[in-house]
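Each remark here refers to the structure printed beneath this line.
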Amino acid sequence: LAMCKRLGLNPQQWVQVTVEDGPALSTPTMRVGDLFALEIDLATQQEDGNLPLLKRLVELARFSDDESEESKAELARLEMTTERMMDAGDLAKIEAEKAKEDEERKDKLSGGLDQVGGLGGMGMDEGVKGIAEAMKHSSGRAAARRPSSSSVMSIDAEHNAKDNIVEAPSEALVREEGKKKAIATITEHYVTVPDLLEQFPVTASKLSLADCIETLPRLKPRHYSIASSSEMYPRKLQLSVGKLTITHKSTGNSRKGVCSHFLARTTTDVGGLAETTDPACGTVFCAKATNFVRLGLSRSTFRLPQDYKAPVIMIGPGTGIAPMLGFLQAREKAKADGAELGPCMVFFGCRAENDFLHSKRMRNWADTGVITDLQLAFSRLPDRPKEYVQHVVARRRDAVWEILSDPSCHYYICGDSQMAEDVFDELKATAKQAGGLDHLGGVEFFRKMKKERRFQSDTWGVKKAENLKKMAEKKYNQGEEWLKNFEEEKKEGIGQ
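The numbering used here applies: residue 27 is where the sequence shown begins, and numbers increase by one.
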């Protein structure tokens with residue numbers, strides 16, 4: 027609606043759209059409001075800062091017949107914004123070259139001081155002249171004391187020159203960082219395209235629907251794990267979705283998750299309560315779709331073993347519990363039909379008790395034997411240290427290994443990829459401490475589980491660049507540790 031209002035379009039108007047260059051729309055005829063809601067991504071883009079849209083606005087402003095001062099001011103601001111983003115890499119490169127020149131001047135200063143420090147046959151006048159010449163090209167400060175019988179010492183310059191030396195980044199990296207900063211200026215100040223267009227109202231009023239389809243990216247599908255069992259609910263599909271909101275620290279602006287907030291708006295009672303027919307659930311949030319939601323199903327290998335007697339371990343903190351809910355519903359249905367169930371250990375983590383998703387149903391499953399061991403990790407309880415699922419796994423090593431070591435055990439984990447890595451570290455430690463396996467034995471144990479498809483994960487990636495750096499460093503350290511263990515075990519084998 028905000029986009030339609032900004033462009034002066036009627037959201038109820040039906041249009042027929044033919045895309046000549048690019049992916050076709052899901053249907054050629056639709057309402058304008060549905061086009062913006064279901065087909066076009068109206069969040070400002072962190073990949074390019076919506077540069078194609080800005081370029082189109084510049085074109086419209088340059089060739090406009092409007093000679094008003096407001097129109098001219100908008101053109102100037104549009105050109106400055108667009109050129110800043112296009113030239114961000116070049117500007118960053120210039121800044122990096124300037125920094126490199128400063129470092130070279132510091133090196134020269136340091137070299138001049140070293141020469142004075144080792145005077146030998148050089149006269150004092152020549153040495154001081156060398157310092158003065160180096161200082162002439164340096165932004166650093168230097169001071170020389172009266173020479174002793176053996177040397178001349180610097181107070182600041184030598185330490186500054188050595189301590190401040192940094193490795194010059196590559197040209198490509200410099201350009202990329204400059205581009206990211208310019209894009210962040212757009213995305214943090216204007217979190218949606220209507221917010222961006224609001225800064226250029228005169229020019230935005232000339233933007234057509236065709237311009238939007240051509241310059242704005244298509245809305246990508248969001249993938250969610252199904253949180254229900256087709257055995258229990260053959261004609262229904264349940265999801266467990268967290269409403270995502272990210273607040274930018276520099277501006278305080280909030281960026282809302284496109285799909286999660288859209289799904290929340292399609293309910294009759296957002297946050298409302300309703301009685302369910304399932305006595306295990308009681309009164310829970312009830313979402314009834316009132317708007318059209320486009321769905322697509324994809325096949326997955328993330329599924330329970332055919333034999334319900336096979337032991338299983340499930341780890342799913344937060345909304346990562348979603349696929350586990352379907353598994354547990356399937357076990358409940360199988361139990362009701364007379365099937366024998368094997369051990370089922372479930373780890374769930376959240377901030378506090380009020381964040382415990384499906385708590386009544388989960389505890390009911392634990393009471394009725396669908397879950398044989400329910401382990402909870404709360405990270406924000408008052409007067410208690412933070413505890414995450416990996417900490418509980420470490421605390422329950424013997425019980426975990428008793429199930430995990432069964433040749434028919436299936437292991438499932440769903441959630442953040444960093445969490446999955448941390449849990450896997452604890453599983454490897456469990457195999458070593460509780461199972462008595464050496465390093466190579468542990469590697470082979472989990473490799474065999476993965477090969478037999480008894481070790482399955484459904485994880486999503488890290489969100490921040492600094493987390494990628496931490497993960498890369500962690501992987502490197504893990505490689506070093508693996509090599510160290512391998513060498514130690516190799517020596518022990520030779521000794522025996």
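Where a beta carbon is used, it is the ideal one built from N, C-alpha and C, also for glycine.
Exercise for review: Report back the beta-carbon spacing between D9 and F328 to the nearest angstrom; my notes put them in contact at under 8 angstroms.
Suggested key: The requested residue 9 is not part of the displayed model; the chain covers only 27 to 522.
Exercise for review: Starting from K282, trace the beta strand (DSSP E) both ways and give me its first and last residue.
Suggested key: Here residue 282 refers to the residue found at position 256 when the sequence shown is read from its first residue. 280 to 282 is the span of the beta strand (DSSP E), which, as asked, contains K282.
Practice item. In the DSSP assignment, find the alpha helix (DSSP H) that holds Q401 and state where it starts and stops. Key: Locating residue 401 in the sequence shown gives position 375, where the first residue counts as 1. Careful: Q401 lies outside any alpha helix (DSSP H), inside the beta strand (DSSP E) at 399 to 404.
Review point. What's the call for K31, buried or exposed, on a 16-neighbour Cβ count within 10 Å?
Key: By 1-based counting over the sequence shown, the position of residue 31 is 5. When all chains shown are included, K31 counts as exposed.
Review point. So, using beta-carbon positions, are T573 and P78 closer together than 8 angstroms?
Key: Absent from the model: residue 573. The displayed extent of the chain is 27 to 522, so no value can be given.
Exercise for review: Could you check if S251 is buried or exposed, using at least 16 other CB atoms within 10 Å of its CB as the buried criterion?
Suggested key: Within the sequence shown, numbered from 1, the residue matching residue 251 stands at position 225. Classification of S251: buried, given that the 10 Å Cβ count is 16 or more.
Point to revise | N- and C-terminal bounds of the alpha helix (DSSP H) containing Q225 | key: By 1-based counting over the sequence shown, the position of residue 225 is 199. Unbroken run through Q225: none, as it is neither H nor E.
Practice item. Tell me, please, whether the CB atom of M371 is closer than 8 angstroms to any CB atom in chain C? Key: Reference to chain C is not applicable here, since this structure consists of a single protein chain.
Point to revise | Coil, strand or helix - T70 by DSSP | key: Along the sequence shown, one-based indexing puts residue 70 at 44. Note: T70 maps to coil in three-state DSSP.
Review point. In terms of residue numbering, what span does the alpha helix (DSSP H) encompassing H417 cover?
Key: Reading the sequence shown from its first residue, position 391 is the one you call residue 417. That run of the alpha helix (DSSP H) goes 415 to 421.
Practice item. Report the three-state DSSP secondary structure of S483 (helix, strand or coil). Key: To locate residue 483, count along the sequence shown from 1; it is residue 457. Strand, per DSSP.
Review point. Taking just the CA atoms, how far does A403 sit from R387?
Key: One-based indexing of the sequence shown puts residue 387 at position 361. One-based indexing of the sequence shown puts residue 403 at position 377. Using only the alpha carbons, I get a separation of about 17 angstroms.
Review point. Where does R32 sit, in a helix, a strand or coil, going by DSSP?
Key: For this step, residue 32 is matched to residue 6 along the sequence shown. Helix.
Review point. According to DSSP, what are the bridge partners of R291?
Key: For this step, residue 291 is matched to residue 265 along the sequence shown. DSSP output for R291 lists no bridge partner at all.
Check your understanding: Straight-line CA distance for I272 to S405?
Key -> In the sequence shown, residue 272 corresponds to position 246, counting from 1. In the sequence shown, residue 405 corresponds to position 379, counting from 1. If I take the Cα positions, the gap works out to 20 angstroms.
**Study point:** Inter-residue Cα distance where the pair is Y216 and G75
**Key:** For the purposes of this step, residue 216 is identified with residue 190 of the sequence shown, where counting begins at 1. For the purposes of this step, residue 75 is identified with residue 49 of the sequence shown, where counting begins at 1. Cα-Cα distance, rounded: 10 angstroms.
Exercise for review: Pair every Cβ in the stretch 350 to 366 with every Cβ in the stretch 253 to 260, then say whether three or more of these pairs are closer than 8 angstroms.
Suggested key: yes
Check your understanding: T302 by DSSP, collapsed to three states: which one?
Key -> One-based indexing of the sequence shown puts residue 302 at position 276. Legend: pLDDT at T302 = 43, less than 50; position of this residue unreliable, value from coordinates given subsequently. Three-state DSSP puts T302 in coil, outside helix and strand.
Practice item. Give a yes or no on whether the C-beta atoms belonging to G344 and G283 are separated by under 8 angstroms. Key: Along the sequence shown, one-based indexing puts residue 344 at 318. Along the sequence shown, one-based indexing puts residue 283 at 257. No, Cβ-Cβ distance for G344 and G283 is not below 8 angstroms.
Practice item. Starting from Q355, trace the alpha helix (DSSP H) both ways and give me its first and last residue. Key: Residue numbering aside, residue 355 sits at position 329 when the sequence shown is read from its first letter. It spans 348 to 362 - the alpha helix (DSSP H) in which Q355 sits, taken as one unbroken run.
Exercise for review: Quick one: measure Cβ to Cβ for W40 and T53, integer angstroms, because I've assumed they're closer than 8 angstroms.
Suggested key: In the sequence shown, counting from the first residue as 1, residue 40 sits at position 14. In the sequence shown, counting from the first residue as 1, residue 53 sits at position 27. Not confirmed; about 11 angstroms, so no contact.
Practice item. Please report the residue range of the alpha helix (DSSP H) in which T394 lies. Key: Counting from 1 along the sequence shown, the entry for residue 394 is found at position 368. Taken as a continuous stretch (DSSP letters only), the alpha helix (DSSP H) holding T394 covers 385 to 394.
Review point. Short check: CB of V419 to CB of V426, under 8 angstroms?
Key: What you label residue 419 is simply residue 393 of the sequence shown in a count that begins at 1. What you label residue 426 is simply residue 400 of the sequence shown in a count that begins at 1. For V419 and V426, yes; Cβs fall inside 8 angstroms.
Review point. With a cut-off of 8 angstroms, do at least 3 Cβ pairs link the stretch 86 to 106 to the stretch 220 to 233?
Key: yes
Practice item. Could you name the residues of the same chain whose beta carbon sits closer than 8 angstroms to that of D424, not counting the 5 residues immediately before and after it, in chain order? Key: What you label residue 424 is simply residue 398 of the sequence shown in a count that begins at 1. Answer for D424: A460, listed in chain order.
Check your understanding: Would P243 pass as a contact of D67 if the rule is Cβ separation under 8 angstroms?
Key -> Here residue 243 is taken as the residue at index 217 of the sequence shown, counted from 1. Here residue 67 is taken as the residue at index 41 of the sequence shown, counted from 1. Cβ distance < 8 angstroms, so P243 and D67 count as in contact.
Review point. How is C307 classed by DSSP in three states: helix, strand or coil?
Key: On the sequence shown, residue 307 is found 281 positions in, with the first residue counted as 1. Below a pLDDT of 50, predicted positions are generally treated as unreliable, and C307, at 43, falls in that range; the measurement from the model is reported next regardless. Three-state DSSP puts C307 in coil, outside helix and strand.
Review point. F382 lies in the alpha helix (DSSP H); which residues open and close that run?
Key: For this step, residue 382 is matched to residue 356 along the sequence shown. No alpha helix (DSSP H) contains F382, which DSSP labels as neither H nor E.
Check your understanding: Looking only at its own chain, which residues have a Cβ that is under 6 angstroms from the Cβ of P331, when we skip the five neighbours before and after it?
Key -> Position 305 of the sequence shown holds residue 331. Here the set comprises H436.
Exercise for review: Report the rounded CA-to-CA distance for S280 versus G462, giving the unit in angstroms.
Suggested key: Here residue 280 refers to the residue found at position 254 of the sequence shown. Here residue 462 refers to the residue found at position 436 of the sequence shown. Distance between the alpha carbons of S280 and G462 is about 50 angstroms.
Check your understanding: From the DSSP output, which residues share a beta bridge with F471?
Key -> Residue mapping note: residue 471 aligns to position 445 of the sequence shown, counting from 1. For F471, which the question treats as bridged, DSSP gives no partner whatsoever.
Review point. According to the neighbour-count rule (16 or more other Cβ atoms, all chains shown, within 10 Å of its Cβ), is N36 buried or exposed?
Key: Start at 1 with the first residue of the sequence shown, and residue 36 comes out as number 10. So N36 ends up on the exposed side.
Point to revise | Residues sharing a beta bridge with Y216, DSSP | key: Along the sequence shown, read from residue 1 onward, the residue named residue 216 stands at position 190. Note: Y216 sits in no beta bridge, so no partner.
**Study point:** Cα-Cα separation, E447 to A236
**Key:** Taking the sequence shown and counting its residues from 1, one reaches residue 447 at position 421. Taking the sequence shown and counting its residues from 1, one reaches residue 236 at position 210. Their Cα atoms are separated by approximately 46 angstroms.
Check your understanding: Across which residues does DSSP place H436 in a beta bridge pair?
Key -> Counted from its first residue, the sequence shown places residue 436 at position 410. In DSSP, H436 forms a bridge with V338.
Check your understanding: What separation, rounded to the nearest whole angstrom, lies between the Cα atoms of E413 and R248?
Key -> As a working note, residue 413 is residue 387 in the sequence shown. As a working note, residue 248 is residue 222 in the sequence shown. Between E413 and R248, the C-alpha separation is close to 30 angstroms.
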